[in-house]
Structure formats: C-alpha cells, structure tokens
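Chains as they are written, first to last, in this note's numbering: chain H, 1 to 115; chain U, 1001 to 1113. Have a look at the structure below, then the notes.
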Amino acid sequence: NAGVMQNPRHLVRRRGQEARLRCSPMKGHSHVYWYRQLPEEGLKFMVYLQKENIIDESGMPKERFSAEFPKEGPSILRIQQVVRGDSAAYFCASSPTVATNEKLFFGSGTQLSVL
Amino acid sequence: GQQLNQSPQSMFIQEGEDVSMNCTSSSIFNTWLWYKQDPGEGPVLLIALYKAGELTSNGRLTAQFGITRKDSFLNISASIPSDVGIYFCAGQKSRAGANNLFFGTGTRLTVIP
C-alpha cells in the first residue's frame, strides 16, 4: 500500500511561470491537506479538500494560488505567476476521515525553487 | 496565526545522552502532537496527547501535555544516530482536523556518534 505520493520532488520555475504540484493520497483516503514550509519554519496549513470539494481554504493566499481534487486523479496545487517568495517546500497529507491525527500521513513534499 | 515556540532551536548531543525539548504557546490547545521530520521527507507522527497533564511514552520517547494546556515537552532517552532530524510540536484547538493543526518552529537535533 503506497504512501502519499507527491511529484515532482523538485520543481524549478522562473518568475512569472506557473507551478503545478501533484499529490496522490493513500489508497482509501478521500481527505487531502496542503501545507507550505518556508526554510527554518514549521508547516503552515493552506487548504483542505475532499473529493471535488474545497472544505477549508483559509490558509491559501487570495491570489495566484488554487487547488483542486477531482473525482479521478491526484490533487493539484497550482501557483500562477510565481514569485521568489513562493520558494518553499509544499507538503500534502491525506486521511481517510476528518478527525484522525493517527491516520494523517504526509508525503515527501515538493521543493519549489523560483529563480 | 497561532505562534508555537520551540526551544532549543538546535541541539548537538553525544550518542547515548538524553534529550529534552519543549513547546510553548500563548494560546490554549486541546491536543498536542509531536512529529519528526527527516531531511527531504514529510513529518511523521511520534506521539499524540489529548488530556492536560497526560504523560505518554513511545519507546524511548516520552511526551507530556502541560497542565496549563499552553505547553508540552518531549524527552528522548539514550539517543542514537537515527534520532537525527527536526522535531516539531503541533497543537489543535477546539476543532479537530488537520486543517486546524498549528506547527511549531522546530528543534533540529544532531547526534554525534
């Protein structure tokens, strides 16, 4: 049973380009969470999705960032017109139901570098 | 956002020594969690605490949920090289759910063989 899969592991973009980060949750998990980790800091919640629905996007910047979790396929975090400040590690986590700390598993992250 | 402060920021210890780190907040949390993050990987849950005053062990790890609900500590006994990594505390308030997790700033542990 594969864990949470994120790809790419590393993504380099120039300022103004688009970044698309993918997350495939663990089998049987329908809840996906995205976090951002800046260097030397802890993870910060961005958005929570459950198949085809955004449940909580309170941590998501209002502009340029969007997320989706379609019925088929991975969850996508999309950053348009990237800026240097978007450089960070982006982690995805999944769980089978809502309130399950012990069943929340993180992926290995995507390191985004904006030149 | 919520501010969880961890100390120390980093530690260098000899293999076999015990380690103690803590996490404090100006806010009350109803759940405290401790995670370990290896380089280039996501965090992995070590211990979850759900009651004020609770003391919980997981092998060589022991964590406590502070009585005031504003702090928690993590101890590692007889450290080994594979304990190297960054340890994060995380708190949840009244509502459960991973969208209500607030992470600390981390303690970076280096174990010298």
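Backbone N, C-alpha and C define an ideal beta-carbon position, used for all residues, glycine too.
For I1013/U, the uninterrupted beta strand (DSSP E) run begins and ends at 1010-1014, by DSSP.
A direct Cα-to-Cα measurement between G73/H and T97/H gives close to 19 Å. Closest in C-alpha terms to K51/H, from the list P70/H, G107/H, E18/H, K27/H, comes P70/H.
In the DSSP assignment, Y35/H falls within the unbroken beta strand (DSSP E) covering 31-37. Close CB contacts of R9/H within its chain, under the 8 Å cut and outside five residues either way in sequence, are with S108, G109, T110, Q111 (chain order).
Secondary structure of S24/H (DSSP, three-state): strand. For T1056/U, not one C-beta of chain H is nearer than 9 Å to its own C-beta. For I1086/U, the enclosing beta strand (DSSP E) has its first and last residue at 1085-1092. Beta bridge pairing from DSSP links P1043/U with Q1037/U.
DSSP, reduced to helix, strand and coil, places R84/H within a helical segment of the structure shown.
Taking a cut-off of 8 Å on C-beta distances, the region 1029-1047 of chain U touches the region 1086-1105 of chain U, as three or more cross pairs fall below it. The Cβ of T1031/U sits closer than 9 Å to at least one Cβ of chain H. Membership of Q6/H in the beta strand (DSSP E) is indicated by the continuous run 5-7. Sorting G59/H, F65/H, G16/H by C-alpha distance to the C-alpha of L1101/U places G59/H at the top. Among the CB atoms of chain H, one or more fall inside 9 Å of the CB of F1103/U.
Taking 8 Å as the cut-off between beta carbons, the residues of the region 1030-1049 of chain U near chain H are T1031, L1033, G1040, E1041, G1042, P1043, V1044, L1045, A1048, in sequence order. By the criterion of a C-beta distance shorter than 6 Å, S1020/U is surrounded in its chain by N1075, once the five residues flanking it on both sides are discounted. Pairing T1105/U with Q1009/U gives a Cβ-Cβ distance under 9 Å. Neighbours of Y48/H across chain U, judged by C-beta separation under 9 Å: G1097, A1098, N1099.
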